[in-house]
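Note sheet for the following structure.
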Amino acid sequence: MKSDDDLAALMRRYQEGDQDAFREIYVNTSPGIERYLRRWSDSARAGDLTQEVFLQVHRARRTYRAGLPLLPWMFAIARHVAIQHVRSQGRRLPEVQSDDSSIVAIAGSAEANLLARHDLGAAMQQLSDEHREALWLTDVEGFNSSEIARITGVSAGTIRVRIHRARQKLKNILNDAAAQS
Amino acid sequence: MTDQRRAEFSALASKIVGDLGAIRPLLPPEARTLVVALLAASAATTVLLVLGLRTDIHTLPSGIFLSLLAARIAVGLALILFALREAIPAATPHPGARAVAIASGFGALFFFPHLFAWIAEAREAVSSAVCITGMLAVSLPSLAITFWLIGRGYAFHPVHSGVLAGLGSGVLAEAAQFLVCPGTSPFHGCAVHGGAAIGTAACGAFIGWLIATRRRRRDLL
Numbered sequence: 001m002k003s004d005d006d007l008a009a010l011m012r013r014y015q016e017g018d019q020d021a022f023r024e025i026y027v028n029t030s031p032g033i034e035r036y037l038r039r040w041s042d043s044a045r046a047g048d049l050t051q052e053v054f055l056q057v058h059r060a061r062r063t064y065r066a067g068l069p070l071l072p073w074m075f076a077i078a079r080h081v082a083i084q085h086v087r088s089q090g091r092r093l094p095e096v097q098s099d100d101s102s103i104v105a106i107a108g109s110a111e112a113n114l115l116a117r118h119d120l121g122a123a124m125q126q127l128s129d130e131h132r133e134a135l136w137l138t139d140v141e142g143f144n145s146s147e148i149a150r151i152t153g154v155s156a157g158t159i160r161v162r163i164h165r166a167r168q169k170l171k172n173i174l175n176d177a178a179a180q181s
Numbered sequence: 001m002t003d004q005r006r007a008e009f010s011a012l013a014s015k016i017v018g019d020l021g022a023i024r025p026l027l028p029p030e031a032r033t034l035v036v037a038l039l040a041a042s043a044a045t046t047v048l049l050v051l052g053l054r055t056d057i058h059t060l061p062s063g064i065f066l067s068l069l070a071a072r073i074a075v076g077l078a079l080i081l082f083a084l085r086e087a088i089p090a091a092t093p094h095p096g097a098r099a100v101a102i103a104s105g106f107g108a109l110f111f112f113p114h115l116f117a118w119i120a121e122a123r124e125a126v127s128s129a130v131c132i133t134g135m136l137a138v139s140l141p142s143l144a145i146t147f148w149l150i151g152r153g154y155a156f157h158p159v160h161s162g163v164l165a166g167l168g169s170g171v172l173a174e175a176a177q178f179l180v181c182p183g184t185s186p187f188h189g190c191a192v193h194g195g196a197a198i199g200t201a202a203c204g205a206f207i208g209w210l211i212a213t214r215r216r217r218r219d220l221l
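Just so you know, the protein sequences line up as chains B and E, in that order. Each residue of the first sequence is one higher than the last, beginning at 1 in the working numbering. Each residue of the second sequence is one higher than the last, beginning at 1 in the working numbering.
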């Protein structure tokens, strides 16, 4: 995965009409975009949605401004495409799978010792969509709160509160489960 | 790149290959707001030249008059700025800021006339039709240029953009009309000036809805 500066430089070349730069952006960012879209759709559909995201990225490429990080801009478009997809399907987000390797990234910031005994995927499922998304974007995708705010269109303060509450709730769920067992 | 990823990229590239020319990135929304400001100022100057400065200008307390005028212009430009930011991914204003901007727009349209009535002598407006014409002469060109600028971006919610653009254009038009119309009655200010501005906002919402509908159809094809 290239650094933010490298991706921004590639995006500038892409805006100048360089197809190779677009290919490089695709290679470097499509796995992360697809992983994010799997939160919103089944795995098979996530591939199609990723294609759709890059089509929309192409349509919106004029709106990217040099100097800003590229990934929040791309994830904002991905989120919009995903929301449109969920609305068109008229359903909620799919359940988090407990065997999802990305769960491990979240476990690192939660109670790792409890993870061995309890199903973090099931615990994540008990969080609200907003809390789960905030936790996902920070712990799995590695965005900071102001970048998540740019992606989701809410304030950075709201995001910090959501992350804090999500972690607190996750901890309580896991503690309760540990006490019951 | 895996074979599957390569195949997916080829399919994607074939869709965009005909549209891969160099493009110029958009200027920041702040700079593009100035374009709308210049156009609105030109339209306001034309209205001012045709209808003349309000007849009671010399009797008004200049500090308060200019403050109310500046506040209207600031609110109108802030709404236009928000409308343009709505069309930039990862730069959209958050819901709280959007709500404050819209509330400020309504405040400028419906609270300022009452405030002004306390400090100015009661005078009737010349004609509601003249006021509405003057308002539309400023607001519609501003709305048109704002939509053109929004169209060059990528609005997630064209209806939001349209409401903000329409309300901003309406408030800017009301600022221009404030220089022209001698009417100080709150009823005239709210019903005629406010009504024309709200009409512009409704027009913006409608255009935004049309854009959203057209985009949905395009994406379904």
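Note that CB positions come from ideal geometry on N, CA and C, so glycine has one too. Predicted model only: the values in this text are computed from it and were never measured.
| Check | Outcome |
| --- | --- |
| Against chain B, does ALA196 of chain E count as a neighbour if the rule is that its beta carbon must be under 7 Å from one of theirs? | no |
| Using beta-carbon positions only, say whether ALA205 of chain E and ILE150 of chain E come within less than 7 Å of one another. | no |
| Determine, for PHE110 of chain E, whether the minimum Cβ-Cβ distance to residues of chain B falls below 7 Å. | no |
| Please list, in chain order, the chain E residues whose beta carbon lies closer than 9 Å to that of TYR26 of chain B. | MET1, ARG5, GLU8, PHE9, LEU12, ALA13 |
| Return the residue from the list B:GLY121, B:ASN28, B:ARG13 that minimises the CA-CA distance to PHE9 of chain E. | B:ASN28 |
| THR92 of chain E CB to nearest chain B CB: under 7 Å? | yes |
| Tell me whether the beta-carbon of PRO61 of chain E lies closer than 7 Å to the beta-carbon of ILE77 of chain B. | no |
| Measuring straight from C-alpha to C-alpha, what distance separates SER146 of chain B and ILE173 of chain B? | 27 Å |
| When you compare only the Cα positions, how much space is there between LEU84 of chain E and ALA108 of chain E? | 20 Å |
| Using a Cβ-Cβ cutoff of 8 Å, what residues of the stretch 27-59 of chain E are near chain B? List them in chain order. | PRO28 |
| Could you tell me the alpha carbon to alpha carbon distance between VAL138 of chain E and SER127 of chain E, rounded to whole angstroms? | 17 Å |
| I'd like the span of the alpha helix (DSSP H) that includes GLN4 of chain E, first residue to last. | 3-16 |
| Pull up the CB-CB distance for HIS131 of chain B and ARG165 of chain B, whole angstroms please, since I reckon it's below 8 Å. | 6 Å |
| Is the stretch 17-28 of chain E touching the stretch 55-70 of chain B in the sense that three or more CB pairs, one from each, lie closer than 8 Å? | yes |
| Checking contacts by CB at 7 Å: is ARG45 of chain B closer than that to chain E? | no |
| Taking a contact to mean a Cβ-Cβ separation below 7 Å, would you say VAL75 of chain E touches GLY105 of chain E in this structure? | yes |
| Should GLY18 of chain E be flagged as near chain B, meaning a C-beta pair shorter than 7 Å? | no |
| Could you tell me which of B:ASP42, B:GLY17, B:LEU135 sits nearest to HIS85 of chain B, measuring between CA atoms? | B:ASP42 |
| Cα separation between ILE57 of chain E and ILE80 of chain E? | 28 Å |
| Residues in its own chain within less than 7 Å of LEU137 of chain B by CB, not counting five upstream and five downstream? | PHE143, ILE148, ILE151 |
| So, does the CB of PHE54 of chain B fall closer than 7 Å to a CB anywhere in chain E? | yes |
| Of all the options B:VAL140, B:GLN126, B:GLN89, B:ALA21, which has the alpha carbon lying nearest to the alpha carbon of ASP176 of chain B? | B:GLN126 |
| For THR45 of chain E, count neighbouring C-beta atoms within 10 Å of its own C-beta (all shown protein chains included) and say buried if the count is 16 or more, exposed if not. | exposed |
| DSSP on GLU171 of chain B, reduced to helix/strand/coil? | Looking at the sequence shown, residue 171 of chain B is not Glu but Lys. Three-state result, LYS171 of chain B: helix. |
| Just tell me which of E:GLY168, E:GLY194, E:ARG123 has its CA closest to the CA of ILE145 of chain E. | E:GLY168 |
| Answer with yes or no whether the minimum CB distance from ASP5 of chain B to chain E is below 7 Å. | no |
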